[in-house]
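Asks: These protein sequence lines map, in sequence, to chains A and B. With the first letter of the first sequence counted as 1, position 31 gets the number 31 in the working numbering; the numbers rise by one all the way through. So the mapping is simple: the working numbering equals the position in the second sequence, first residue as 1, plus 1000. Where is the CB? At the ideal position from N, CA and C, for every residue including glycine.
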Amino acid sequence: MSMPVVASGDTAAWADKVRRFVVRFTPELLLLLMVIVLAIANPATVRLQNLSDIIINAAPIAVLALAAMWVLVSGGLDLSAGYGVAMCALLVGGAIEVGQPLPVALLLGVAGGAALGLVNGLLVGLVGMPPFIATLATMAAVQGIVLLLGGQGTVIISDPVIATIGSGRLFGVPWLVIIALLAAGVVYLIAQFTSFGVHTYGLGSNRTSMTARGVPVIWRTVQVYVFSGVLVAITAILLVAKVQIVDTSIASTTTLMDAFAATIIGGTSLFGGRGTVRGTLVGALLISFISTSLVVLGISPNLIQFFKGLIIVAAVVIDALIRLAEKKSA
Amino acid sequence: MKELKSRAVSLARSDQSRTTLILIGAILCSGVFFGVGFPGFLSSYNFTNIAVQTAVISLVAFPMTVVIIVRGVDLSVGSSLALAGVVGAMAFQASGGSSFVSLAAIILAAVAVGAFNGFLISVLHVNAFMATLGTMALARGAATALSGGNATPVQSPAILFLGRESLGGIPWSVIVTVIALIVFALLLQKTLLGRWLLAVGGNKDAAIANAIPARSVEFFAYVLIGLAVGIGAIITIGRTGSAQPLAGQNLEFSAITASIIGAASLAGGRGSAVSTFLGSVFVGLISSGLSFAGVDQSMIYVYTGVLTVLAVVVSQKEVTADLRGNVLYLANSARARASRRVRASMGGGNAAHTLEIAEISKSFGATRVLKDVSFDVRSGEVVALMGENGAGKSTLVKVIAGNHAPSGGKLLLDGRALELAGPEDARKAGIAVIHQHFSLVPDLTVAQNLFLGNELRAGRFGPLRRRLMVAETQKSLDELEMPFAATDRLSDLSVGHRQMVEIVRALREDAWLVIMDEPTSALSSRERDRLYELIERLTARNTAILYISHKMDEVFHLCSRAVVLRDGQLVGDENLDAVTSAGLVGLMVGKDVDSAFTHVPSNPGEVLVRVSNVGDGSRLIDASLEVRAGESVGLVGLMGSGRSELLRSIAGLNRVAHGTVEVLGADASHASLHALAKKGLAFVPEDRHSEGMFPQMSVAANISLLWLRGKTTCGWIKATLERPEVHKLMTRLGVRPSDPTVAIKNLSGGNQQKVVLGRWLALDPKIILLDDPTRGVDVGAKSEIHALINEFKIQGAAVVVTSSELPEVLGVTDRVVVMREGSTVAEFARGASEHEVMAAAFGDHKRSSTASSTDDIQKEVVR
């Protein structure tokens, strides 16, 4: 962000205040805009039932978006997260099917996510591969594992706890949403109150300085990807609870793309060092709002992806234009 | 024979060719392995199968490699392929069954997507990953929407032809792929556009500084992908008999993998069509072989992943170097962390210390940079370290700060020998060098930056005590009366304030000696005053400061003593009450060295360049200059005086906010470098690394880059034309080694500079602007460059040379123009003494002061 140029007059100062407000709350403003536009187009979109659906649908997107955010903030990238969700879901579903108690199944899923994170972290942090290539490779491998696990066939979950998480509520708030908010809370606390959090942002901001100051950069990189992997696993658990049918199509590149879109629209920078939990949650709501509302509006599911793509392109173009304008005024 | 051998060696050394060879070997080995192990593998049927499977991937991977070469990526190819197919099927129905319309629509749709990507990325400067992620969704969505989610069967034989038919047993899809391979290989190796692609990807700044239309080149790369995707869509329709909205799933990742295995570097500037093809074939071969071996498809995916990792580790040397470094780092960091300690307050600096520099010498190989330098620094003193460029100041600082071990002599702290194994040890000894780029993190707050690596916690594993850290930081800031808060984000602070954060950090880590290297060069005058105030407070707390500066007024204002280096030796340790600025200049410059520089008399003709009162709105304020044909003019001044800016303004690379620049009689104040180059102007930039050379490209490619522009037939490079020109230039300049195929990054600095010069010389320019051409160049190459300058003069060109080495400029040029603080202030004819010129460059310390003038307020740029 550039410092304001010495300006003359009150209008310039006020305009600048507005500009800063817009830049700071872009995701919220976009969401508001979207809500207003769609509400005018069709009041059905803002019915309570629809809003409730939107928030529920946003839950798994939000958690995966947080996973993506964490890696992006550290200056990295994780392409394997999409299929990673499928892998963890299959692990959980498969374990339940062979009769394992629920905690064991869930733990297996988390372990799978963490293991994927460990491999990514070692490739990027220790071997020094560029994150794009490293996670491209792990993505291919995970795709294979997903196929392998999927050979067990479609699993239908009938576990009562899972059913409660999927459709139950606590004081009117769906469990899915509660878990997602808890995950968001944990991410927030880690970002604000642990050295791991500070160092993750530092890594994405200026890795060289971090090394010069003696921060254990390699170890932190591994931690970043492992933490992200755990969040990937939690996304999988949420999805399993939500749809209760587990097969290979439970998650894929589309899921990952939604997550990326959500966190980038939420203000996370692709270059690292910037990203907020608040923005990511709002971004997830936005993506969910688009998908869910368009369905309500009777728009065919085929068009929904088109509109999502349109929003991403629009967001990306707006961001580029803002940055171009900032550069000119600096 | 020797030529062949050296060629083989250079081939083996080049990352790209090494990978190609390794891939060929790997393909042969796996072919043999699977062929022997599994019957039926080595059959023409199987090979045809593999070829067909990999055809579309290879087809798309070629332009993907091109895009990767220009530092981009395209994630939308799969979706674009599906969209093109769907559009084609629709067009077929809409046009009542016209295959021609359908085929045209397919190609147009794919190219449109490519052009859209190109627009987003090269015009709007959107990040390639994000942009193509967006178009990926857009295209896939459009394909699904337009087709209603269903596959549309296509029955026209003309459309199905490419995907279905064969010629002499070879499927057309394979033939098309091979043709594409040849086209792309030729494009990259034999056309001017190919050179431009490699140049833009290898060093975009240099490409722009050499008048290459970088934006158009990037845009074109994405359009090329569109074209290939269109053809791929046709092939895919032919294979399946229908246009499917879900076609091309994961195509982008397969194509990128093929490119990467083929050693395309994501950092740009490197890639080969042949290697990409081999990469694609290799992956196809392995998949097929594993399939024959009965391995499950899922595991084949896993092996592909592992293969990609191996390929990268093997082909990208930078990666393996990293690995070794990282393992070493891990081993060392445990030790380093244990011994680091930071106190919560800044108490320690009050004890008195003395650092004695005792006969320090430093050599790098055969070059001696420091010789027997001795002086000391005590707590509470502000000592200036002065000297011309190359006098050895930075090396001395690096020795004191522990970055270099001295070759001779030693450091003594309070009388005891000080052994520094690295900068950590220097910090522990209380010596801190202020450079903000290497130790501050922009996106964190001041408090977070100060406590980085040593955060305060509640207990051993508890949460961070943020309020405490902020309070502690604020206390330090208040103590030093800093004009910013502990909770301010570093990126919101100006350059001057960031510097101060560095200083506060140094003090918190118990530094008693703070070394500042030209700290005010990037500051506004208000920030400068603040820094001076801070320095006064520091000395009041008994901190010692070693202050490197060339600004006389600063030195006399802040310091009590001045230590002067010249040619690596200490020539003066003066009390500033007893010496004048002229005296200091005299020490720095020494007596006039007999110029070993040859000079040729000039015969000046008409005025070719006329600069009148030019300013650029920031560093350049008011410069005027006239240069005639057949003369060489030296442009001198201290760092930051505006010399480079002036040259760049003449060359069209820097803004001309007011005043005029006339080149060859015509107004050139807003002309582009390209236009000026066509008229005969040459500009060799100051920093060859950032703007001069394309490190991965060969010497030949570097030298011929500009010259080729007029000499190609429709973009085709005739080797028979290029080679003799390159040879001629290399001989004329004396570039060593004489092998033109060596990558320029492997040459010495002097030879690199000669190549960069040669590139412009090939155009026979009439006006030659050289920005510090002998910087970082050895003595031998320097004199060769001087001889060249004389040669240009004799041939009637107008030459302007800037240099930080005064003797050089005085010896070689016909007259010298001095710049100071953005304006041309003096001119000296040949024969002036170094002393006179330096005095003009430094100005008199008594005149200028720290008071802000209206000029200063206007040029205030708060960063």
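Could you name the residues of chain A that residue 1149(B) contacts, counting a contact when the two beta carbons are closer than 7 Å?
Replies: 302, listed in chain order.
Asks: When you compare each of 1516(B), 1080(B), 1174(B) to residue 1133(B) by their alpha carbons, which one comes out closest?
Replies: When only C-alpha atoms are compared, the closest one is 1080(B).
Asks: Which one or two residues does DSSP pair with residue 1412(B) in a beta bridge?
Replies: Paired residue(s): 1356(B), 1417(B).
Asks: Which residues, taken in chain order from the region 1229 to 1245 of chain B, show a beta carbon closer than 7 Å to some beta carbon of chain A?
Replies: Against chain A - using a Cβ distance shorter than 7 Å - the region 1229 to 1245 of chain B contributes no residues.
Asks: Could you check whether residue 1774(B) and residue 1738(B) sit closer than 8 Å to each other, using their CB atoms as the reference points?
Replies: No, the Cβ-Cβ distance between residue 1738(B) and residue 1774(B) is not below 8 Å.
Asks: With distances taken Cα to Cα, identify the nearest neighbour of residue 1190(B) among 1273(B), 1542(B), 1227(B).
Replies: For residue 1190(B), the nearest C-alpha among the options comes from 1273(B).
Asks: Measure the C-alpha to C-alpha separation of residue 1413(B) and residue 1356(B) and round it to an integer number of angstroms.
Replies: Whole-angstrom Cα-Cα distance: 6 Å.
Asks: Just checking my contact of residue 1243(B) with residue 1147(B) at CB under 8 Å: how many whole Å lie between their CB atoms?
Replies: Yes, they are in contact, since the Cβ atoms of residue 1243(B) and residue 1147(B) sit about 7 Å apart, within 8 Å.
Asks: In the DSSP output, what is residue 1516(B) paired with across the bridge?
Replies: BP columns for residue 1516(B) point to 1434(B), 1547(B).
Asks: Give me the Cα-Cα distance between residue 1343(B) and residue 1509(B), rounded to the nearest whole angstrom.
Replies: Unreliable placement is indicated for residue 1343(B), whose pLDDT of 40 sits below 50; no coordinate value is reported for it.
Asks: Starting from residue 1452(B), find everything on chain A with Cβ-Cβ shorter than 7 Å and list it in chain order.
Replies: Under the 7 Å cutoff, chain A gives 202, 213, 215.
Asks: If we cut at 8 Å on Cβ distances, does residue 257(A) have a partner in chain B?
Replies: Chain B, which has a Cβ nearer than 8 Å to the Cβ of residue 257(A), makes this yes.
Asks: How many whole angstroms separate the CB atoms of residue 1566(B) and residue 1616(B), which I take to be in contact at a CB cut-off of 8 Å?
Replies: Residue 1566(B) to residue 1616(B), Cβ: 33 Å. No contact.
Asks: Check whether the Cβ of residue 1065(B) lies closer than 8 Å to any Cβ atom in chain A.
Replies: It does not: the Cβ of residue 1065(B) has no partner Cβ on chain A nearer than 8 Å.
Asks: Just to confirm before moving on: does the CB-CB distance between residue 1149(B) and residue 1039(B) stay below 8 Å?
Replies: No, the Cβ-Cβ distance between residue 1149(B) and residue 1039(B) is not below 8 Å.
Asks: Tell me whether the beta-carbon of residue 244(A) lies closer than 8 Å to the beta-carbon of residue 162(A).
Replies: Yes; because the gap between Cβ atoms is below 8 Å, this pair is in contact.
Asks: Is there a C-beta anywhere in chain B that falls below 8 Å from the one on residue 20(A)?
Replies: Answer no: the Cβ-Cβ gap between residue 20(A) and chain B never drops below 8 Å.
Asks: Taking the beta strand (DSSP E) that residue 1371(B) falls in, what are its first and last residues?
Replies: Per DSSP, residue 1371(B) belongs to the beta strand (DSSP E) from 1367 to 1378.
Asks: Quick check on the burial criterion: 16 or more other C-beta atoms within 10 angstroms. Buried or exposed for residue 1349(B)?
Replies: Its pLDDT being 48, under 50, residue 1349(B) is placed unreliably by the model, and the measurement read from it follows with that caveat. So residue 1349(B) counts as buried.
Asks: Who are the neighbours of residue 17(A) on chain B, taking C-beta pairs under 7 Å?
Replies: Neighbours of residue 17(A) on chain B: none; closest Cβ ~15 Å, over 7 Å.
Asks: By the 8 Å beta-carbon criterion, what residues does the region 258 to 270 of chain A contribute toward chain B?
Replies: Hits within the stretch, in order: 260, 261, 264, 270.
Asks: Within the 8 Å Cβ cut-off, does residue 1610(B) reach chain A?
Replies: Output row for residue 1610(B): interface = no.
Asks: Of all the options 1782(B), 1289(B), 1175(B), 1814(B), which has the alpha carbon lying nearest to the alpha carbon of residue 1793(B)?
Replies: Comparing Cα-Cα distances from residue 1793(B) to each of 1782(B), 1289(B), 1175(B), 1814(B), the minimum goes to 1814(B).
Asks: Is the region 225 to 232 of chain A touching the region 285 to 294 of chain A in the sense that three or more CB pairs, one from each, lie closer than 8 Å?
Replies: No: the two stretches stay apart, fewer than three of their Cβ pairs being nearer than 8 Å.
Asks: Counting beta carbon pairs with one atom in the region 112 to 119 of chain A and one in the region 77 to 96 of chain A, are three or more of them shorter than 8 Å?
Replies: The region 77 to 96 of chain A is in contact with the region 112 to 119 of chain A.
Asks: Just the chain B side, please: which residues come within less than 7 Å of residue 130(A) by C-beta, in chain order?
Replies: Ordered by position in chain B, the residues that pass the 7 Å Cβ test against residue 130(A) are 1266.
Asks: Alpha carbon to alpha carbon, how far is residue 1220(B) from residue 1017(B)? Give it in angstroms, no decimals.
Replies: Residue 1017(B) and residue 1220(B): Cα-Cα distance of roughly 26 Å.
Asks: Along chain A, which residues have their Cβ under 7 Å away from the Cβ of residue 1868(B)?
Replies: Past the boundaries of the shown model lies residue 1868(B); chain B is included only from 1001 to 1863, so the question cannot be answered.
Asks: Between the region 171 to 183 of chain A and chain B, which residues of the former have a C-beta closer than 8 Å to a C-beta of the latter?
Replies: For the region 171 to 183 of chain A, which is checked against every Cβ of chain B, not one residue is closer than 8 Å.
Asks: Starting from the C-beta of residue 1468(B), find all residues in its chain whose C-beta is less than 7 Å away, skip the five residues before and the five after it, and write them out in chain order.
Replies: Excluding residues within five positions, the ones whose Cβ falls inside 7 Å are 1456.
Asks: Can you round the beta-carbon distance between residue 241(A) and residue 166(A) to whole angstroms, since I take them to be within the 8 Å contact cut?
Replies: Contact flag correct, Cβ pair sits at about 4 Å.
Asks: Do the region 1038 to 1052 of chain B and the region 1295 to 1309 of chain B touch if we need at least three Cβ pairs shorter than 8 Å?
Replies: Too few Cβ pairs lie closer than 8 Å, so no.
Asks: Leaving out five residues on either side along the sequence, give the residues of the same chain with a beta carbon under 6 Å from the beta carbon of residue 1384(B).
Replies: Here the set comprises 1547, 1555, 1559, 1562.
Asks: Assign residue 1218(B) to one of three DSSP states: helix, strand, or coil.
Replies: Residue state, collapsed to three classes: helix.
Asks: Comparing the C-beta of residue 1133(B) with each C-beta of chain A, is any distance below 8 Å?
Replies: It does; some Cβ of chain A falls within 8 Å.
Asks: For the ligand NAD, any of its heavy atoms closer than 7 Å to the Cβ of residue 81(A)?
Replies: Looking at this structure, you won't find the ligand NAD or any other ligand, since it has none at all.
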